[in-house]
Structure formats: structure tokens, C-alpha cells
Amino acid sequence: MLPEIDKYKGKSPDKGSIKKMNLLAKDYTALLKRYSKVVAEGKDLDAVIKVPELGLTEAPKCSQLLSSLKDDLRCATTIFTEDFIGSGGVECLLEVLRACQARQNDTKLPKGRHQQTILKKMSSSQYDCLLCLKYAVQNPKSVIRVTDDAHGLSSICSCFMSTSPKSRILALQLLVRVLEISSRGHALILEALTAIRVLFGEPVRFKFLVGLLQSSISSPPAFQTAALKFLNTLLKTSPRPADRIRLQCELEEAGLDINGLETELRARCVPCTDSVWAEIEVWRKSYLDMEHVTGGKQNLETENERLQHEVQLLRQALKKLEEDKINLMQIEMELKEKCEDLNEEVTTLKSEMKKPKVGCYRIESTQSVRHQKPFLRRR
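For the sequence shown, position 128 (counting from the first letter as 1) is numbered 128 according to the UniProt record's numbering, and the numbering increases by one without interruption.
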């Protein structure tokens, strides 16, 4: 039984109860370093080691240590998590994870029941390591430590080859978290997948992952949901559409068939409320169909030519209208000039008509006198 530490006393985020940490964060780190060296030397992961400097007469077994750390990280306060990260705990977890994977792939293990026992222990420890990392990466600083580790993402990606479905799902969830937090996550994960392809002799990247996605359908399809979420996030974080299309082609070359997967899920009567359907819908909406894009481009080019022809006709019509406008303006100017000339003539005529006619008046006066003279004589 590990002693409880009051330093990190706090409330559990799950139950709200008071939780005491079993060990100090730096003590966890020191023990994890010891166990990673023990496994690297070919010894049993649960070998008994003595650590008198930690105040423990006998250190807990690695499986017990990981189980205790898992519980502490799940209910950890911010102080404990930051102390664990600052003391190099994330790097130590990755070291233990690599040690477990190396032991699982060791061809020198004795055959028989003992081998099965060791592989089972390694698989269980690998799962606990991944679970500890899952709780740790809730703090963004842990994600930075994972991406800065030279082989951190490669170790996580190697868990795709694990015989434990739970370990595969945890590895996918960790990669999604890295993609969501780190701006370098996309490029680093692709590099890690390339290293895994070379290490395990895959013809193309994603071959093993897509094979699991298309074949190992359980109920509920937890792995399919995690894998599709990872692929959707990977495509979403692509820096350019060209990179996204290249990844889509690579996945299809690896054997990804969303229509076939959907048919299989319906055949297995997966409920429509399952999260896998939401991930399939996300894939369909974000999928860049090159045939559709190419056909759309041809339609746009045809439409563009038609519009250019219409623009040319409109320009010609506009030019003609401008010429007609100039001609009409000239005619208007000429008519205005003629109108002014006519106005001048009218004014001149009016002024002439207003002048008195003196010669006519004298003649009329003489005639009237002549008519009046006989009247005077008769009188």
C-alpha cells in the first residue's frame, strides 16, 4: 500500500470528494525512470527495486505504480499535474511505453505459457501508460512535451499494432488531442506514421489502420468512431487543400471505403444515435471530390466564356451608344444655333414692326383736308 501525500490534497473532478495523492509527482518520475531502465536491461517490468531515498523500503511494482499514477492524474489538481510535467513525468511515461513495446516485440522471449504471461503484462502496462498520458495531456503543456520528444509520437502511433483494442483507441484519442492543441502536430504525426510504415513494412501509410477500420467492427463501434475522428481531424488540420486531397488519395489507396463501412454498420444494426454516424457525416461534408471539382471547373470555364462573349457584345453596344450620343449632341448644338438665329430674326422683326410709319400718316392727313374743303365752301 502506497502512503498518501497531503501536499496535493484537493477535490476529485469526477466525484467531488477529497483525494490525497499516493506519491509526490517527482517520486513518480523517479520510479518511472528506474523501471524504464529495468525493462531496457531485459528484466521483468515488475522486478522489485529498492529506493531508500524516497522513504520506501520497497518500491511498488510497475503495474501498481502505473495504476496509482492513473488514479492520481485522473483526480489531480493543477499543482500536481504541473509538478509532474515539470519533473519530466511525460517523457518518463513515453520511455516506459517504448520499453513495453520493445519487450512485446522481443523475439528472444521463451515460448510457451511464460511468454503469454509476459505479453499480457506488457499489454496491460502499455494500456496504463496510454491512460496516464491521456489524463496528462489535458494540460496543454503535456502536449508540448509529447511533440518535443524525439520518438514520442512514433511510440503512440506504434500502439496501432497493439493486440489490445482499448490501447488502439487511446492512442487515436491522444493523437487527436495533439492535433487540436499543437500547430506542429499535423506534420509531426505524418512523420511518425511514415516511420511506422517503414518499421512495420506497410506498402502505404494508414494501411494497417484502415484495415482495422474496415474489418474489426464491434458493437458499439468504438474503434471506428475514434479512427474516423482522428482521420477527420488530420484532414481538417491540413495546411493546404492540396495536402488534404493528397491525404484523401492516400487513404483511399490504403483501402478506405466509407460507403462500404456505412453498409457494414447498417448490416450490424448500429443505432443511429451512435457517434460513428456523426463522424461519417463530417467525412462526407468535408470530403473534396476531385471529379466534382473538375466538372465544376469545366462548367465555370464554359460559363466564363459565355459571359465574356456577352461582355464583348455589351461593350460594342455601349460604344455604339456613345457614338450616337456624340452625334445627338452635335445635332443638338446645331439646332440650338439655328434656334438662336431664329430668335434674333424674330426680335429684329418685332423691333421693326414697332417703329412708326411717318410717310403714310402725312398722306392720310392731306387727303382728309381735301375732303373737308368743299364742306367749308358750301357753308
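Here a beta-carbon is modelled for each residue, glycine too, at the ideal position from N, C-alpha and C.
When the Cα atoms are used, what is the spatial distance from residue 112 to residue 271? The count along the sequence shown starts at 1 and reaches residue 112 at position 112. The count along the sequence shown starts at 1 and reaches residue 271 at position 271. Going from the Cα of residue 112 to the Cα of residue 271 covers about 42 Å.
Within 9 Å, strictly: CB atoms of residue 91 and residue 149: Locating residue 91 in the sequence shown gives position 91, where the first residue counts as 1. Locating residue 149 in the sequence shown gives position 149, where the first residue counts as 1. The answer is yes: Cβ separation under 9 Å.
Below 8 Å on the Cβ atoms is my contact criterion, and I expect residue 217 with residue 288 to pass it. Report the Cβ-Cβ distance as a whole number of Å. Residue numbering aside, residue 217 sits at position 217 when the sequence shown is read from its first letter. Residue numbering aside, residue 288 sits at position 288 when the sequence shown is read from its first letter. The C-beta distance from residue 217 to residue 288 rounds to 26 Å, too long to fall under 8 Å, and the pair is not in contact.
Could I get the ranges of all uninterrupted alpha helix (DSSP H) runs contained in the segment 55 to 137, with 4 residues as the minimum, in chain order? 62 to 74, 78 to 86, 89 to 104 and 113 to 136
According to the neighbour-count rule (16 or more other Cβ atoms, all chains shown, within 10 Å of its Cβ), is residue 158 buried or exposed? Here residue 158 refers to the residue found at position 158 of the sequence shown. By the C-beta density criterion, residue 158 is buried, having at least 16 other C-beta atoms within 10 angstroms.
Given a cut-off of 9 Å on the beta-carbon distance, is the pair residue 190 and residue 95 in contact? Stepping through the sequence shown from its first residue, residue 190 is reached at position 190. Stepping through the sequence shown from its first residue, residue 95 is reached at position 95. Their beta carbons are not under 9 Å apart, which means residue 190 does not touch residue 95 by this criterion.
If residue 258 sits next to residue 283, beta carbons under 8 Å apart, how far is it from one beta carbon to the other, in whole angstroms? Looking up residue 258 in the sequence shown gives position 258. Looking up residue 283 in the sequence shown gives position 283. With a Cβ gap of about 6 Å, residue 258 and residue 283 count as contacting.
DSSP state of residue 152, grouped into three classes? Numbered from 1 along the sequence shown, position 152 holds the residue referred to as residue 152. Of the three classes helix, strand and coil, the one that applies to residue 152 here is helix, per DSSP.
Cα-Cα separation, residue 311 to residue 303: Walking along the sequence shown from the start, residue 311 turns up at place 311. Walking along the sequence shown from the start, residue 303 turns up at place 303. Rounded to whole angstroms, residue 311 to residue 303 spans 12 Å at the Cα level.
Residue 350 to residue 331 span [Cα, whole Å]: Your numbering for residue 350 matches position 350 in the sequence shown. Your numbering for residue 331 matches position 331 in the sequence shown. Looking at the two C-alpha atoms, the distance is approximately 28 Å.
Please report the distance separating the alpha-carbon of residue 175 from that of residue 231. For the purposes of this step, residue 175 is taken as residue 175 along the sequence shown, with counting starting at 1. For the purposes of this step, residue 231 is taken as residue 231 along the sequence shown, with counting starting at 1. Each residue's Cα considered, the two are about 10 Å apart.
Helix, strand or coil for residue 355 per DSSP? Numbered from its first residue, the sequence shown carries residue 355 at position 355. Correct three-state label for residue 355: coil.
Tell me whether residue 79 is buried or exposed, calling it buried when 16 or more other Cβ atoms sit within 10 Å of its Cβ. On the sequence shown, residue 79 is found 79 positions in, with the first residue counted as 1. Classification of residue 79: exposed, given that the 10 Å Cβ count is below 16.
7 Å CB neighbourhood of residue 250 in its chain, flanking five on each side removed: On the sequence shown, position 250 is the one that residue 250 refers to. Only 204, 205 and 206 meet the Cβ criterion.
Once the 5 residues before and after residue 342 are set aside, which same chain residues still bring their CB inside 8 Å of it? Counting from 1 along the sequence shown, the entry for residue 342 is found at position 342. The answer is none, since no qualifying residue turns up.
To which residues of the same chain is residue 151 closer than 8 Å at the C-beta, ignoring the five residues directly before and after it? In the sequence shown, residue 151 corresponds to position 151, counting from 1. The residues are 94 and 98.
So, with DSSP's three-state summary, where would you put residue 206? As a first step, residue 206 is located in the sequence shown; it is residue number 206 there, counting from the start. Coil.
Start and end of the alpha helix (DSSP H) containing residue 185? Counting from 1 along the sequence shown, the entry for residue 185 is found at position 185. Going by DSSP, residue 185 is part of the alpha helix (DSSP H) stretching over 185 to 200.
Using the rule of at least 16 other Cβ atoms within 10 Å of the residue's Cβ for burial, across every protein chain shown, is residue 226 buried or exposed? Here residue 226 is taken as the residue at index 226 of the sequence shown, counted from 1. Classification of residue 226: buried, given that the 10 Å Cβ count is 16 or more.
Could you name the residues of the same chain whose beta carbon sits closer than 6 Å to that of residue 14, not counting the 5 residues immediately before and after it, in chain order? Locating residue 14 in the sequence shown gives position 14, counting from the first residue. Caution is warranted here: a pLDDT of 47 is assigned to residue 14, below 50, making its placement in the model unreliable, and no coordinate value can be reported.
Taking the straight line between their C-alpha atoms, what separation do you get for residue 309 and residue 297? Here residue 309 refers to the residue found at position 309 of the sequence shown. Here residue 297 refers to the residue found at position 297 of the sequence shown. Each residue's Cα considered, the two are about 18 Å apart.
Helix, strand or coil for residue 249? Go by DSSP, reduced to three states. One-based indexing of the sequence shown puts residue 249 at position 249. In the structure shown, residue 249 sits in a helix (DSSP, three-state: H, G or I).
For the alpha helix (DSSP H) holding residue 165, just list the boundary residues, first then last. In the sequence shown, residue 165 corresponds to position 165, counting from 1. It spans 165 to 181 - the alpha helix (DSSP H) in which residue 165 sits, taken as one unbroken run.
Could you compute how far the alpha carbon of residue 141 sits from the alpha carbon of residue 71? For the purposes of this step, residue 141 is taken as the residue at position 141 of the sequence shown. For the purposes of this step, residue 71 is taken as the residue at position 71 of the sequence shown. Those two C-alpha atoms are separated by around 20 Å.
Quick one: is residue 300 buried, meaning 16 or more other Cβ sit within 10 Å of its Cβ, or exposed? On the sequence shown, position 300 is the one that residue 300 refers to. Per the 10 Å Cβ criterion, exposed.
Residue from 178, 115, 279 and 124 whose Cα sits closest to the Cα of residue 167: As a first step, residue 167 must be located in the sequence shown, where it is residue number 167. Residue 124 is the option with its Cα nearest to residue 167.
For residue 254, which of helix, strand or coil comes out of DSSP? The sequence position of residue 254 within the sequence shown is 254, counting from 1. Reduced to three states, the DSSP call for residue 254 is coil.
On the criterion of 16 or more Cβ atoms from any shown chain inside 10 Å, does residue 269 qualify as buried, or is it exposed? For the purposes of this step, residue 269 is taken as residue 269 along the sequence shown, with counting starting at 1. With fewer than 16 other CB atoms across the displayed protein chains lying within 10 angstroms of its CB, residue 269 is exposed.
Could you tell me the distance, in whole angstroms, from the CA atom of residue 234 to the CA atom of residue 187? Against the sequence shown, residue 234 aligns to sequence position 234. Against the sequence shown, residue 187 aligns to sequence position 187. Residue 234 and residue 187: Cα-Cα distance of roughly 10 Å.
Among the residues of its own chain, which have a CB less than 7 Å from the CB of residue 67, if the five just before and after it don't count? Counting from one through the sequence shown, the residue named residue 67 turns up at place 67. Result list for residue 67: 128, in chain order.
Length of the line joining the Cα atoms of residue 25 and residue 87: The residue labelled residue 25 in the question sits at position 25 within the sequence shown. The residue labelled residue 87 in the question sits at position 87 within the sequence shown. Cα to Cα, residue 25 sits roughly 7 Å from residue 87.
Of all the options 116, 318 and 122, which has the alpha carbon lying nearest to the alpha carbon of residue 61? Mapped onto the sequence shown, residue 61 falls at position 61. When each option's Cα is compared against that of residue 61, the closest is 122.
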